[in-house]
Amino acid sequence: MTSLQVFDARIAQMAQGSGALEQLCSGAVWSEGPAWLPRSGELIWSDIPNNRILSWHAQHGLRVWRDSAEFTNGHVLDQGGDLLHASHGQRAIIRTRLGAQGEPLGDEVVVDNYHGQRLNSPNDLVVKSDGSIWFTDPPYGILSDREGHKAPSEIGANHVYRYCPQTQNLSIASDWLEEPNGLAFSPDERVLYVSDTSAALRQDGTGHHHIVALDVVDGTWLRNPRIFAVITPGLADGFRVDRHGFVYTSSEDSVQIFHPDGTRLGRIPVPEKVGNLCFGGPGGDELFICASTSLYRIRLNTRGATA
25 MTSLQVFDAR IAQMAQGSGA LEQLCSGAVW SEGPAWLPRS GELIWSDIPN NRILSWHAQH
85 GLRVWRDSAE FTNGHVLDQG GDLLHASHGQ RAIIRTRLGA QGEPLGDEVV VDNYHGQRLN
145 SPNDLVVKSD GSIWFTDPPY GILSDREGHK APSEIGANHV YRYCPQTQNL SIASDWLEEP
205 NGLAFSPDER VLYVSDTSAA LRQDGTGHHH IVALDVVDGT WLRNPRIFAV ITPGLADGFR
265 VDRHGFVYTS SEDSVQIFHP DGTRLGRIPV PEKVGNLCFG GPGGDELFIC ASTSLYRIRL
325 NTRGATA
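The following block contains the structure:
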């Protein structure tokens, strides 16, 4: 029996071929930033407060992939198959070169400043088909020493950025969101979804907990921001899009699934607070879910648009 709860007939067929949620491992403090590494057949993710990157492999189980990880948050593979990190501690986008078996070969800084001012604490990132790197830069890694190094913001704002590896140019793609966090492209890359989680650290009930849809113009900047979905309970900390364009987002108690028109199609209940998720596995049909202390998996009758 599947763990996927259906609210709309448009995912009924997908639910029929989907499996049950399973806990793969536990032991983290706060799990974030999952990415599937096809060369090694493993799932890596961040345990941010413990300052490490963890790995899970179907045969070998759980291991520490990297200690002293400089409070890395999000991960994604670039077009060459190397691993990009959003580093809170280094306040930078970092690239780890991967060998033929997925082993780390060394790091390099991709970008760490905007016109000479240090970035805040890059949070999550995606790679477009043209190789450009898009990332969010909220302040969460510089607010305390728990998930980074406490420091003032040099930029004084929280932006969505686009970095072009060919020209090494970093540009502001959007300054519309208060505290941008997770992000993902639609399958045709005409829309970029970005979450605003400014409600996360506020105790007065103010702030945002929604996903915004923005049109991608000329492949380089964003316009026409509009509220795509308000997430409750909790926040859209991280999310992914499948091949149908459905959006799978984190929340307080589940993975919520939305149609591109904003309709909530269903949910996958999770017994811990969900931080982020990604598609992976040999067939790309496994949804890996980072939820507080644990890593979960559910096999779905769909595949990710990207991992």
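So for the sequence shown, our numbering puts the first residue at 25; every next one is plus one. Glycine included, every Cβ here is placed at the ideal spot set by N, Cα and C.
May I have the straight-line CA-CA distance separating residue i from residue j, to the nearest angstrom?
| i | j | result |
| --- | --- | --- |
| E132 | V88 | 21 Å |
| L167 | K174 | 5 Å |
| Q141 | G113 | 15 Å |
| D71 | D91 | 10 Å |
| L122 | E66 | 13 Å |
| L149 | F303 | 15 Å |
| A124 | L61 | 11 Å |
| C49 | A315 | 11 Å |
| L143 | A116 | 7 Å |
| D199 | L108 | 23 Å |
| L17 | G85 | Residue 17 is absent from the structure shown; the chain starts at 25 and stops at 331. |
| R321 | L194 | 35 Å |
| G258 | G43 | 25 Å |
| Q47 | F312 | 10 Å |
| T287 | F31 | 9 Å |
| Q40 | A33 | 11 Å |
| V145 | T26 | The question names Val, but residue 145 is Ser in the sequence shown. Each residue's alpha carbon lies about 38 Å from the other. |
| W294 | P58 | In the sequence as presented, Trp is not what sits at residue 294; that position holds Val. C-alpha separation (whole angstroms): 16 Å. |
| L129 | L201 | 36 Å |
| A110 | I292 | 27 Å |
| D102 | I35 | 30 Å |
| P204 | G126 | 30 Å |
| S219 | T96 | 19 Å |
| T256 | S275 | 7 Å |
Determine the closest residue to residue i out of the options, with distance taken between C-alpha atoms.
| i | options | result |
| --- | --- | --- |
| V240 | R226, S210, D169 and G262 | S210 |
| Q192 | S92, I157 and Y272 | I157 |
| I251 | S42, I235 and N97 | I235 |
| R323 | R186, L238 and L45 | L45 |
| N74 | Q83, A82 and A52 | A52 |
| G307 | D102, G105 and T326 | T326 |
| A82 | E310, I292, T317 and T221 | E310 |
| W69 | E203, L319 and S275 | L319 |
| R63 | G98, D106, L216 and L28 | D106 |
| D136 | L101, S153, A253 and F159 | F159 |
| G206 | E56, D154, G172 and I118 | E56 |
In this structure, how does DSSP classify residue i when only helix, strand and coil are distinguished?
| i | result |
| --- | --- |
| A82 | coil |
| G43 | coil |
| Q141 | strand |
| A260 | coil |
| A224 | coil |
| I313 | strand |
| I35 | helix |
| I166 | helix |
| G130 | strand |
| G304 | strand |
| Q190 | coil |
| A181 | coil |
Beta strand (DSSP E) containing residue i: first to last residue?
| i | result |
| --- | --- |
| A208 | P204 to F209 |
| Q294 | Residue identity differs from the one stated: residue 294 is Val in this sequence, not Gln. First-last for V294: undefined, no H or E at that position. |
| D220 | V215 to D220 |
| V150 | L149 to V151 |
| L195 | Correcting the residue type first, residue 195 is Ser in the shown sequence and not Leu. N193 to S198 is the span of the beta strand (DSSP E), which, as asked, contains S195. |
| E66 | E66 to D71 |
| V279 | S278 to F282 |
| I56 | What sits at residue 56 in the sequence shown is Glu, not Ile. That run of the beta strand (DSSP E) goes S55 to L61. |
| S318 | S318 to R323 |
| D239 | H234 to V241 |
| S275 | No beta strand (DSSP E) holds S275; DSSP gives it neither H nor E. |
| P249 | W245 to V254 |
| N97 | T96 to L101 |
| H112 | Counting along the chain, H112 falls outside any beta strand (DSSP E), and DSSP gives it neither H nor E. |
Is the stretch 280-291 in contact with the stretch 76-86, if contact means three or more CB pairs nearer than 8 Å? The stretch 280-291 and the stretch 76-86 do not touch, with fewer than 3 CB-CB distances between them shorter than 8 Å.
Would you check if the stretch 242-250 and the stretch 262-272 touch, i.e. whether three or more CB-CB distances between them fall below 8 Å? Between the stretch 262-272 and the stretch 242-250, the count of Cβ pairs shorter than 8 Å is below three; the stretches do not touch.
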